[in-house]
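Numbering (the working numbering), first residue to last: 26 to 187.
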């Protein structure tokens, strides 16, 4: 028998003729609809839509931008992005939306430190100055990671409370 090349060796090592439950390449994991709980992230944009017009091109595949018009149109689990945020916007969002809702405040490049402090104190999870779409997209991705991590933390807390 001749020795296998690198590509053939990898194919041979990854071959699985036997379906073992819980193996990495198994199809018999007993969790029905495993992917049904994984929804694509949605960013609800409130405020100045023109400032975030190029944002969609910098978000990962599968992300959606929505413009609900007001806080009543924001759905559970969405990341709320206030473009041109004010302290009053964030206070209203915190009063109207579930506590787990992530709020991102986008301010102008020249926003004063007092406004940054005000929106953060009012309850914004993130405050971004400027509007470079790639930087804003990075903050939104980080918010999504935090959102998913919090779900696991909250799950642990709810199980230990029983």
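Heads up, the beta-carbon is just placed ideally off N, CA and C, and yes, glycines get one too.
If residue i sits next to residue j, beta carbons under 8 Å apart, how far is it from one beta carbon to the other, in whole angstroms?
i	j	result
residue 172	residue 127	6 Å
residue 151	residue 166	About 11 Å; that fails the 8 Å criterion.
residue 158	residue 83	4 Å
residue 109	residue 76	7 Å
residue 125	residue 175	7 Å
Is the separation between the beta-carbon of residue i and that of residue j shorter than 8 Å?
i	j	result
residue 68	residue 103	yes
residue 80	residue 105	no
Where do the N-terminal and C-terminal ends of the beta strand (DSSP E) with residue i fall, by residue?
i	result
residue 138	Where residue 138 is concerned, there is no enclosing beta strand (DSSP E), although the alpha helix (DSSP H) it sits in stretches over 138-147.
residue 69	67-72
residue 89	89-91
In three-state terms, what does DSSP make of residue i?
i	result
residue 110	coil
residue 130	strand
residue 80	helix
residue 99	coil
residue 125	coil
residue 167	helix
residue 59	Note on residue 59: pLDDT 45, under 50, position unreliable in the model; no value is reported.
Using C-beta distances below 8 Å, list every residue in its chain close to residue i, excluding the 5 sequence neighbours before and after it, in chain order.
i	result
residue 134	154, 155, 156
residue 119	128, 147, 148
residue 164	129, 151, 153
residue 160	153
Can you find the residues in the same chain that come closer than 6 Å, C-beta to C-beta, to residue i, ignoring five residues on each side of it along the sequence?
i	result
residue 107	71, 72, 114, 130
residue 147	112, 115, 116
residue 88	66
Within a Cβ cutoff of 7 Å, which residues of the same chain sit near residue i, ignoring the five residues on either side of it in sequence?
i	result
residue 168	104, 127, 129, 150, 151
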